[in-house]
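Colleague: Line order of the protein sequences matches chains Z and R.
The first sequence: position 8 = 8 (the working numbering), numbered continuously.
For any residue, its number in the working numbering is found by taking its place in the second sequence, counting from 1, and adding 1000.
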Amino acid sequence: MNAMFRIGIVSLTLVLLAAACSKVRVQVDTAADDRAWLYPGGGLLHTAFRPDGPQPPLKIQRIVKLNAAPGEHLAALDSLLFIPIKNGRVAVYEARRGKLVGKLKYPVGVEGHIAIHPDGFLLMSLRLGHQTLLCYDLKQARYLWKRRAGLVWGPPIPADSSVYVVSKFKHADRYDLQTGRRIWRFGIESQAYAEPALTGSAMIFATDKGRVHAVERRTGKAVWEAQAGTRAVMVAPVVALDHGLVYIASLDSSLYALDLESGQEVWRFRAGGSFWKAPAVRDSVLIASDGMGTLYALHAATGQLLWQRAFSAPFGTTPLIVGGTVYLGALDKMFYAFELTSGRTLWQVALKGRVRTNPMVFLNSIVVGSEDRYIYFLVQEDMGVND
Amino acid sequence: MSRGAILISLLLLLPQAALSQYYFGRNKVQYDNFDWRILKTRHFDIYYYPEMRELAEIGAAYAEEAYQRLVNKFNQTINRRIPLIFYSNHLHFQQTNTIPNLIPPGVGGFFEFLKGRVVIPANGSLAEFRRVIHHEMVHVFSHSKVLRALKDHRKTNFPGPPLWFTEGLAEFWAEDWDAEAEMFIRDAVLSGYLVPVSEMYRIYGTFLMYKEGQAICKFISETFGDEKLLQLLENVWMTDSFSEVMRFTLGVDYKKFDELWLYWLKKQKYPILQNSDMPGMVTERLTHKGINTKPAYVEYDGKKRIVLVSNRMGYSNIYEMAYPENGRRRHDMRVIIKGERTSEFESFNLLRSKIDANDHGELVFIAKSKGKDAIYRVDLRTTEVLDRIQFEELVTLFSPNWSPDGRRIVFTAVDFGGQSDLYIYNFDTRALEKLTNDFYDDRDPAWSPNGKYIAFSSDRTATGKHGAYNLFLYDLETGDIAYLTYTEHNDLTPAWSPDGRALVFTSDRDGAYNLWMVKIPEQPVQLASLEKLGDAPMTDLPYPCALDQKAKFKKLTNFVTGAFDPEWTRDNSILFTAFERFSFQLRRLRNVDRVFEQAEEQAPDSLLASVEPWTMPRLTGNSDVTTVSYKRKFSLDVAQSQVTQDPIFGTSGGAQLAISDMLGNHHYYFLIYNTATTRQDFLKSFNIAVTKIDLSHRTNTAFGLYHFAGNYFNFAEGIFFERRYGGFGSLSYPISVFRRIEASLNVRMSDKEWYGIRRRKALLVSNFISYVKDNSLWGASGPIDGERFNFTLGNTVDIKESNVNFYTLIADYRRYFRLSSQTTYAVRLWTAINQGKEALPFFMGGSWDLRLYPRWRIWGKKLFLISQEFRFPFIDRFAISFPFGGLRFSSIRGALFVDMGNAWNDRLEQVLGSIGFGARLRLGGFLVLRYDIGRRFVINDIRTGVRPKSFDLQSGMYQQFFFGWDF
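Right, here's the structure in full:
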């Protein structure tokens, strides 16, 4: 069970009270289940794996059009789906009503990322502006606090009573969830783009110089440092606790597996193109795609190539593993389902734009977004009704 | 004239302007009729003509390779088919109609974003062809990335990244940092003219801007990370200031970036001086102004001469200068051939093609002439053209070199299909012999003094795939080709010593182009021929070869920047072109033997037994590749609507539309406009025009139909209403780039009403014919050399009611005399006559003709104007600084002028004139602001003769501020 679920199972039921579309208010009601997709990669370890969920063949149950392109990472809380939009808003979709029920506007109209704390806090990080780390209380429909955290390129990660964030201004921070007070700051030598992964005790992130840092979550002290190539790492680390490894996908076309305790390189896999997207992992299989359009399945513990497939266009999303199926969106507008063990295509559908919003499991559907402003809800063919 | 009428008039002019390229202007001549086909690959529609099928397949492979590489680099796909229009050579490329502009020789290709077209010529070198394809594909991806970023963030009307960045990125991601880029940046840093990012506007669009942009991208990649280059594109939505985008992305704004970049460059480049020299410090400079290249040394009639190509006075000419001896420092130059003014010598390919002269005093060179290159043989004594040779299948020619007997030449030619090979032409027998026959680029041939061999540079080496050139030797007896050098770098322009025992050439083996020399060994040479590779025979052929272990092989010069085009003299010197202070100048290296002896010995080249020439990639036999014939499909170029408000004429509105086909050969223009002020007038006030233009043949044609109605105004007739409808046809035949004949026929019904005065109807037929020439050379604010004229004759007659019948004569002649490299005397003679029944008046006055008089307030059916102007540089750079920023202007030009003229109907009574001073400020690439100040004068009673008392210099100063180029 991922660390994020150690905070307890809380469920939320939506009561939308906001009159204006810039306000979103929810009421904490019952306990949530552990499938909630609160963070990028579905959890603090960014494994992008769910043991169960919709299986192919799928069908498009619903398409929601936004007024600008959706962001890279979506988040969900019970029947609420939070969709960051690149024109500086977060749209809120409510599954039971089947439509957008509200929008939250950032203080400045710029692109941002989101993550959700299960207690009903929406954390937002912005790529531009002065106050770039925001905490919004969904129950009270108001900003709890706003902080200057530098330009933040990836989502903040809330865990326990804290928020962890890395900045392009060369530091990693921990903030108090309730007050926004900065608890510690860890200076780094260069810029960091992607969100950190959180293990029980450590915060792990990588920089644009290929440096990987493990920092003690409680104190902000360095645990270890490692080098993963010389080029930038643009995506979040992925942690496989079973194997004691953290995976770093680099623009230098290599995928590095580092020992979780020491940072030592355990294995390295050289691909044909740069890694623009994070991998996903389930048990012994690691799925990754490179910028040349090749999909790889590696043995998670050894890095041994299990299979690979070449496609006409690169993938634009992080893989999502649901049971034995891998879902992936591509830059040629295709959305695929592959068999995890063989790479065989199980199902595919053409969407309206390049698929760049990472797929996630949302209730009984797979949700994915394309850059032409669309969010798609895909359900198993034997479920639901087409709109 | 009402605003609506003005708009309509301008739009009516538009297709005609496109056809005739305005009143003056040079011509884009369609010398060839191409039978276009389309090669469809996975991502591209490749437009080509059958003669270049092989080249198109190679280009297709390069394009797909570039696509795959850039998909990974940009993390982006192009989700449309990319039109890629190939030409087999630059002269064909200059005929493209995909853009209306004339294409200068230096343009290697372009990306046109309206239709998303990429247009690229080959020019012999496949490595260069590949590089340009990659360069333009970077533009395609950059454009897509920026558009996506703006669309994603709902941003409109945002300025894109600056040109220095987009071009720099295209250069940087298209090729490795090469010796040419290094040369420019070294020189800029060490000579102190490097332009910082914050002042990049000073070199907007120049070659230096490209190279600095490339260097900046290299710095960003190496210092901040390669991905930052992509982020600079992705982050353009953040703010409309690229300096701020830079700050958000890199953490530094322009000012700080400049500090970091300049310091980084100095750290790199200053130490190079420790072991290298600027050419100016160690060699003798022979030329000073402009670009001076391609020296040829010749002795005839007992005189020692240097012939060279130079643009020292603006136009490129071929000059002859006395070979400097005995410390003589002044080098008078005599023009042998005037270039760029006539269709015989349109251009000389200044930086690529060498020239040569033999001991008979015969010069041989290449010039572009009427759509193809021609070989010219010229008597240096008389400058008489002895021969002008063009070949049916050979389009572009380069670097002719005389045989020792002075009767034959060897040269490089690119044929219609784009293949570059060596040829020999015999002036006595008129026979053409092809020496090589493949897609390798064979260039810079040099005939050995004993007449047996031809040394040349070629990419037919194993490393040629990546753009490397080695020296080879062609044996004229056997036809064998042997390596002379072997390296992964560029060995170019071999030159034999007069005794044939040494070869000097330029090479970038150590990062900069320098002169290298190999001398014949005392012992026999071991050679490896391409055919006999692996069992290379021992031979006793006596020529210098860097592969020979016993040969003496040395680097003659050690310049920081570059040395090119070596040419031996007979007094143990070498002439060459050196780059320094952003200029190519002729230099001399004396005492070559002594320099050679003192130079450090270099290790000989070694040829691996496994070396084989590279093979070209091709997309053939692939299921993804199909071929179809080109069919015209029209797509939108311009669409706009407009509503105008006028306090007198009311509200009017309309729309314009322009469509064209992918190759730009066929255009349609549509205009619909309504000028009705009342509901009753609505139907009859429609202004509609449809025009079709065909540019696919040498004779450009246009025809159209129109209906115009509305209120008009001019100072001669006041306000009147006119309804015109009819059709027109026109054609333009370019005799050459510089001259053309235009003709038009216009048939229309005209219903004209002068309010409260009279109304007349007429069926008008107008015929015009014009002869136009323009070979002017332009400076910052207008022409500075050459001439241009427009002679037009026509008549307009009412064939139904005989209400109108007049003829038209217009003669407008302008001549520019270059007094020095910076000053020009310009004169304009203009007369226009409309004579007959209801002849229309001409208008003048204002900043564009008779200066210091109100604009268009002088009119009459006859008109004359004489303008004289002395043009000179006024202020080169002008800056105003404020605490919050500043304004900077450059190239402010001055003019002293005298104008005389008038317009009249029946009798010319007086001549109006003005005399004064003007200043012109060029803003951007297209707008010139003009300010004139001075006094008017009048010459009265000219019918009785001009006497001193008839001259009246009026009191008071007049001034005018307007815009427009100098006449």
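Ideal Cβ placement from N, Cα and C applies to all residues, glycine included.
Taking just the CA atoms, how far does residue 306 of chain Z sit from residue 1140 of chain R?
Modeller: Sequence index remark: in the second sequence, residue 1140 of chain R carries index 140 (1-based). Sequence index remark: in the first sequence, residue 306 of chain Z carries index 306 (1-based). Residue 1140 of chain R and residue 306 of chain Z have their C-alpha atoms roughly 36 Å apart.
Colleague: Taking Cβ to Cβ, would you say residue 1424 of chain R is nearer than 8 Å to residue 1400 of chain R?
Modeller: By 1-based counting over the second sequence, the position of residue 1424 of chain R is 424. By 1-based counting over the second sequence, the position of residue 1400 of chain R is 400. For residue 1424 of chain R and residue 1400 of chain R, no; Cβs fall outside 8 Å.
Colleague: Residue 1077 of chain R versus chain Z: which residues are under 8 Å apart at the beta carbon?
Modeller: On the second sequence, residue 1077 of chain R is found 77 positions in, with the first residue counted as 1. Result: 313, 314, 331, 332, 354.
Colleague: On the three-state DSSP scale, how would you describe residue 1950 of chain R?
Modeller: By one-based count along the second sequence, residue 1950 of chain R stands at place 950. It is helical.
Colleague: Compare the C-beta of residue 1227 of chain R against all C-beta atoms of chain Z and say whether one is closer than 8 Å.
Modeller: Locating residue 1227 of chain R in the second sequence gives position 227, counting from the first residue. Closer than 8 Å to some Cβ of chain Z, the Cβ of residue 1227 of chain R qualifies, so yes.
Colleague: Which of the three DSSP states, helix, strand or coil, is assigned to residue 1281 of chain R?
Modeller: In the second sequence, counting from the first residue as 1, residue 1281 of chain R sits at position 281. Three-state DSSP puts residue 1281 of chain R in a helix.
Colleague: Taking 8 Å as the CB-CB limit, is residue 208 of chain Z close to chain R?
Modeller: By 1-based counting over the first sequence, the position of residue 208 of chain Z is 208. Closer than 8 Å: yes.
Colleague: Under 8 Å between C-beta atoms, does residue 1737 of chain R make it to chain Z?
Modeller: By one-based count along the second sequence, residue 1737 of chain R stands at place 737. No, because no Cβ of chain Z sits closer than 8 Å to the Cβ of residue 1737 of chain R.
Colleague: Quick one: is residue 274 of chain Z near chain R, going by C-beta distance under 8 Å?
Modeller: For this step, residue 274 of chain Z is matched to residue 274 along the first sequence. Chain R contact via Cβ: present.
Colleague: Classify residue 95 of chain Z as helix, strand or coil using the three-state DSSP reduction.
Modeller: One-based indexing of the first sequence puts residue 95 of chain Z at position 95. Coil at residue 95 of chain Z, not helix or strand.
Colleague: Inspect the beta-carbon positions of residue 1791 of chain R and residue 1770 of chain R and report whether they are closer than 8 Å.
Modeller: Here the question's residue 1791 of chain R lines up with position 791 in the second sequence. Here the question's residue 1770 of chain R lines up with position 770 in the second sequence. For residue 1791 of chain R and residue 1770 of chain R, yes; Cβs fall inside 8 Å.
Colleague: Flag this pair as yes or no: are the beta carbons of residue 247 of chain Z and residue 279 of chain Z separated by less than 8 Å?
Modeller: Within the first sequence, numbered from 1, the residue matching residue 247 of chain Z stands at position 247. Within the first sequence, numbered from 1, the residue matching residue 279 of chain Z stands at position 279. Contact flag set, yes.
Colleague: Counting only beta-carbon atoms, is residue 111 of chain Z nearer than 8 Å to chain R?
Modeller: As a working mapping, residue 111 of chain Z is identified with position 111 in the first sequence. True, the Cβ-Cβ gap to chain R drops below 8 Å.
Colleague: Please list the residues of the region 1046-1074 of chain R that have a C-beta atom closer than 8 Å to any C-beta atom in chain Z, keeping them in chain order.
Modeller: For the region 1046-1074 of chain R, the set of residues with a beta-carbon nearer than 8 Å to any beta-carbon of chain Z comprises 1068, 1071, 1072, 1073, in chain order.
Colleague: Are there any heavy atoms of the ligand SAM lying less than 7 Å away from the beta-carbon of residue 1504 of chain R, as far as the coordinates show?
Modeller: No copy of the ligand SAM occurs in the structure displayed, which carries no ligand at all.
Colleague: Answer with yes or no whether the minimum CB distance from residue 1240 of chain R to chain Z is below 8 Å.
Modeller: Locating residue 1240 of chain R in the second sequence gives position 240, where the first residue counts as 1. No, residue 1240 of chain R does not count as interfacial toward chain Z.
Colleague: Just to confirm before moving on: does the CB-CB distance between residue 1991 of chain R and residue 1870 of chain R stay below 8 Å?
Modeller: Limits of chain R in this structure are 1001 at one end and 1967 at the other, which puts residue 1991 of chain R out of reach.
Colleague: Looking at C-alpha atoms only, which residue of R/1371, R/1347, R/1359 is the closest neighbour of residue 1365 of chain R?
Modeller: What you label residue 1365 of chain R is simply residue 365 of the second sequence in a count that begins at 1. Of the listed residues, the one whose Cα sits closest to residue 1365 of chain R is R/1347.
Colleague: Output yes if chain Z places a C-beta closer than 8 Å to the C-beta of residue 1258 of chain R; else output no.
Modeller: For the purposes of this step, residue 1258 of chain R is identified with residue 258 of the second sequence, where counting begins at 1. It does not: the Cβ of residue 1258 of chain R has no partner Cβ on chain Z nearer than 8 Å.
Colleague: Output needed in chain order: residues of the region 1132-1155 of chain R with a Cβ under 8 Å from some Cβ in chain Z.
Modeller: Taking 8 Å as the Cβ-Cβ cut-off against chain Z, the residues of the region 1132-1155 of chain R that qualify are 1148, 1151, 1152, 1153, 1154.
Colleague: Between residue 68 of chain Z and residue 1154 of chain R, how many whole angstroms is the CB-CB distance? I'm expecting something under 8 Å.
Modeller: Within the first sequence, the letter at position 68 stands for residue 68 of chain Z. Within the second sequence, the letter at position 154 stands for residue 1154 of chain R. Residue 68 of chain Z to residue 1154 of chain R, Cβ: 5 Å. Contact.
Colleague: Which residues in chain R sit within 8 Å of residue 69 of chain Z, going by Cβ to Cβ distance?
Modeller: Residue numbering aside, residue 69 of chain Z sits at position 69 when the first sequence is read from its first letter. Ordered by position in chain R, the residues that pass the 8 Å Cβ test against residue 69 of chain Z are 1151, 1152, 1153.
Colleague: Evaluate contact between the region 1622-1639 of chain R and the region 1575-1589 of chain R, counting only Cβ atoms and requiring at least three cross-stretch pairs below 8 Å.
Modeller: no
Colleague: For a contact defined as C-beta to C-beta under 9 Å, what are the partners of residue 1248 of chain R on chain Z?
Modeller: Reading the second sequence from its first residue, position 248 is the one you call residue 1248 of chain R. Going along chain Z in sequence order, the residues near residue 1248 of chain R (Cβ under 9 Å) are 127, 128, 151, 168.
Colleague: Going by CA-CA distance only, name the one from R/1682, R/1677, R/1642, R/1692 that's closest to residue 1658 of chain R.
Modeller: Position 658 of the second sequence, counted from the first residue, corresponds to residue 1658 of chain R. Ranking the options by Cα distance to residue 1658 of chain R, first place goes to R/1692.
Colleague: Relative to the C-alpha of residue 1445 of chain R, which residue among R/1783, R/1462, R/1408, R/1255 is closest?
Modeller: As a first step, residue 1445 of chain R is located in the second sequence; it is residue number 445 there, counting from the start. Of the candidates R/1783, R/1462, R/1408, R/1255, the one whose C-alpha sits nearest the C-alpha of residue 1445 of chain R is R/1408.
Colleague: With C-beta atoms as the reference, is residue 312 of chain Z less than 8 Å away from residue 293 of chain Z?
Modeller: The residue labelled residue 312 of chain Z in the question sits at position 312 within the first sequence. The residue labelled residue 293 of chain Z in the question sits at position 293 within the first sequence. When the beta-carbon positions are compared, residue 312 of chain Z and residue 293 of chain Z come within less than 8 Å of each other.
Colleague: Taking residue 113 of chain Z as part of the beta strand (DSSP E), name the residues at either end of that continuous run.
Modeller: The count along the first sequence starts at 1 and reaches residue 113 of chain Z at position 113. Counting along the chain, the beta strand (DSSP E) containing residue 113 of chain Z begins and ends at 112-117.
Colleague: Beta-carbon of residue 211 of chain Z versus every beta-carbon of chain R: anything under 8 Å?
Modeller: As a first step, residue 211 of chain Z must be located in the first sequence, where it is residue number 211. Taking Cβ atoms only, chain R never reaches closer than 8 Å to residue 211 of chain Z, which makes this a no.
Colleague: Is it buried or exposed for residue 1544 of chain R, if we count other Cβ within 10 angstroms and need 16 for buried?
Modeller: Your numbering for residue 1544 of chain R matches position 544 in the second sequence. Answer is buried; the Cβ neighbour count reaches 16.
Colleague: Taking just the CA atoms, how far does residue 1280 of chain R sit from residue 1271 of chain R?
Modeller: Sequence index remark: in the second sequence, residue 1271 of chain R carries index 271 (1-based). Sequence index remark: in the second sequence, residue 1280 of chain R carries index 280 (1-based). Each residue's Cα considered, the two are about 18 Å apart.
Colleague: Taking Cβ positions only, does residue 358 of chain Z come closer than 8 Å to chain R?
Modeller: In the first sequence, counting from the first residue as 1, residue 358 of chain Z sits at position 358. False, the Cβ-Cβ gap to chain R never drops below 8 Å.
Colleague: Quick check: the Cα distance between residue 1964 of chain R and residue 377 of chain Z, rounded to an integer number of angstroms?
Modeller: For the purposes of this step, residue 1964 of chain R is identified with residue 964 of the second sequence, where counting begins at 1. For the purposes of this step, residue 377 of chain Z is identified with residue 377 of the first sequence, where counting begins at 1. Computed Cα separation, rounded: 60 Å.
Colleague: Could you check whether the region 146-158 of chain Z touches the region 118-127 of chain Z, counting it as contact only if at least three pairs of C-beta atoms, one from each stretch, sit closer than 8 Å?
Modeller: yes
Colleague: Report yes or no: do three or more beta-carbon pairs, one from the region 1748-1755 of chain R and one from the region 1718-1735 of chain R, lie closer than 8 Å?
Modeller: yes
Colleague: Where residue 1368 of chain R and residue 1392 of chain R are concerned, what is the direct C-alpha to C-alpha distance, given to the nearest angstrom?
Modeller: As a first step, residue 1368 of chain R must be located in the second sequence, where it is residue number 368. As a first step, residue 1392 of chain R must be located in the second sequence, where it is residue number 392. When rounded, the distance between both Cα atoms is 14 Å.
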